[in-house]
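Residue numbering for the sequence shown follows the numbering used here, starting at 3 and increasing by one per position. Just so you know, even glycine gets a beta-carbon here, dropped at the ideal spot from N, CA and C.
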Amino acid sequence: MLLLATGILTLAAVIGDPPIGGDVTELIVEHARGQANADPGAALVDGIARDGVAGVRRLWTELGIASDLFSGLEGDAPVSIERHAVELNGVDGDETLLRLSDSSGQEVQYLALRRDGDGWGTQGRVELRNQRLNPPWHRVEVLGDRRWLVIQSLRGSGSGFERYQETWYAADGLKPVLSFPSGGHVRGHGMPFNRTFTGTKIGLSAAEDRPVVEVEISAHYVNGDAIPIEGLTDLFTRSGVVRYRWDSETSKFILDEAGSALTEVEVVGIFADDAQGFLLHNFAQLRELALGDDDLKKRWLRRFLEARDDCTEKTVLQGLLDPVAPSHDDRIDAERADVT
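This is the structure:
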């Protein structure tokens with residue numbers, strides 16, 4: 003029976019590379035309060051190494067966990083287990099984070115255990131599916147006495163698109179409190195533009211005693227094959243810093259639009275926008291193309307706008323690209339206005 007196991011890693015260790023590709027459904031499970039009498043150290047690893055999925059199910063029973071993860075596997079199927087030293091509650095040696103997955107890496111469970119008398123209780127868990135192409139990776143973020151488990155995982159993929167996301171989980175119960183797109187692309191046949199995007203946490207601080215997470219969002223747009231223009235590749239890059247501020251009423255981070263370069267709708271739009279949404283959410287950037295001196299980009303923009311639904315943004319951009327010369331009567335009226 004094969005067991006893939008690692009040694010204990012240090013706080014905030016990063017496991018693997020950022021994931022790219024693959025469909026995923028994330029199941030956030032409520033805090034469980036059962037106890038495991040077995041030591042979640044060597045004895046736990048040995049038990050799962052010996053019994054595979056059956057050993058995992060036995061552990062879940064001891065902890066009072068109901069899960070359908072690994073339900074398609076036989077009881078003797080091998081399971082990969084990693085142990086990581088973490089300090090989600092700030093007490094050294096009081097916690098262990100287990101990362102369980104099937105041998106293909108398709109299904110993954112993060113299980114946080116905390117000392118509970120002579121045994122161990124569950125502090126929370128996160129279950130991820132369809133992770134085989136790119137495994138999730140994690141770290142711990144710390145600000146004063148606050149801690150979060152941060153996981154980057156696959157959020158979706160298919161023909162022409164890949165998307166992954168960074169999610170922050172509160173230390174107590176592993177409740178999700180923040181998420182944002184952390185990378186991916188959308189491209190394919192018949193599209194007027196293609197895009198790649200990234201989201202990177204660049205700051206964690208406190209403002210008025212409330213945590214603030216700063217994330218740099220960047221999206222790069224290039225010409226798609228629906229509008230073939232020889233010699234044209236890049237269209238524009240849009241980037242800016244987004245601030246997520248802790249909201250005590252909801253116990254979550256919320257986007258501070260007044261202090262951010264993008265709105266919530268625009269952040270979602272970098273991977274979800276269709277062509278019409280792209281027009282509405284990137285009007286300022288498209289206006290720069292219309293006013294610029296790059297004739298290839300202007301040709302692209304004209305053809306792009308022709309296929310869009312009528313709206314104010316379309317009308318304004320078309321007017322900038324091709325100003326309508328005033329008629330003879332308009333000129334006379336203008337001259338009369340100047341005289342008066």
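- Listed as beta-bridge partners of Pro325 by DSSP are no residues whatsoever.
- Shown here, His283 sits in a helix according to DSSP, grouped into three states.
- Each residue's CA atom was taken as its position, placing Gly279 and Gly123 some 47 Å apart.
- Here Leu180 is not near Val144, since their CB atoms are 8 Å or more apart.
- Counting along the chain, the unbroken alpha helix (DSSP H) around Gly271 starts and ends at 266 to 274.
- In this structure, the alpha-carbon of Leu298 lies about 11 Å from that of Ala292.
- Fully enclosed beta strand (DSSP E) runs of no fewer than 3 residues occupy 121 to 130, 139 to 145, 148 to 160 of the stretch 120 to 165, in order along the chain.
- Within a 10 Å sphere around the beta-carbon of Ile272 sit 16 or more other beta-carbons, which makes this residue buried.
- The C-beta of Thr63 has fewer than 16 other C-beta atoms within 10 Å across all chains shown, which makes the residue exposed.
- Excluding five sequence positions before and after Ile204, the CB atoms of its chain that fall closer than 6 Å to its own CB belong to Glu216, Glu218, given in chain order.
- Residue pairing by DSSP puts His187 in a beta bridge opposite Glu164, Thr198.
- Comparing alpha carbon positions, the residue from Ala173, Pro194, Asp227, Glu164 closest to Gly185 is Glu164.
- The stretch 57 to 106 is shown to contain whole beta strand (DSSP E) runs of 3 or more residues at 81 to 86, 97 to 104, in chain order.
- Beta-carbon to beta-carbon, Ala228 and Gly192 are separated by about 5 Å, close enough to satisfy the 8 Å threshold.
- The C-alpha of Asn225 lies about 14 Å from the C-alpha of His187.
- The C-alpha of Ser262 is placed about 8 Å away from the C-alpha of Gly242.
- Taking 8 Å as the cut-off, the Cβ atoms of Asp96 and Arg116 count as close.
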